[in-house]
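So the structure is just underneath, and the comments pick up after that.
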Amino acid sequence: MESIKKKILQLTKVSSILSAIKHTKYYEDLHVVLNRIDYLRKKDNAQEFDKQEIEALSNFISNKIILSIATGEESEEAIAS
105 MESIKKKILQ LTKVSSILSA IKHTKYYEDL HVVLNRIDYL RKKDNAQEFD
155 KQEIEALSNF ISNKIILSIA TGEESEEAIA S
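Read in order, the letters of the sequence shown are residues 105 to 185 in the numbering used here.
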């Protein structure tokens, strides 16, 4: 997982970031991705299209993280009862 984080931190295009995380199941560590996307979005030279693509990707990842957390909590509740 650490190598995925290092790779993501070196990427500069949203499509590359998406490709790097497309098949990962480690959603709890995707805060690294969200931070990188936020950095790219705030860059002064980011094109408007890139900003929209970045925003969409950020929302997608956030939803995946929320879903992953919710599913994990439900599983824990089922095991406990």
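We put the CB at the ideal spot given by N, CA and C, even for glycine. This one's a predicted model, so the numbers in the text were calculated from it and none came from an experiment.
Straight-line Cα distance separating residue j from residue i
i           : j           : result
residue 147 : residue 163 : 18 Å
residue 114 : residue 140 : 9 Å
residue 111 : residue 156 : 23 Å
residue 168 : residue 145 : 20 Å
Option in the options with minimal Cα separation from residue i
i           : options       : result
residue 166 : 157, 138, 156 : 138
residue 158 : 168, 110, 117 : 117
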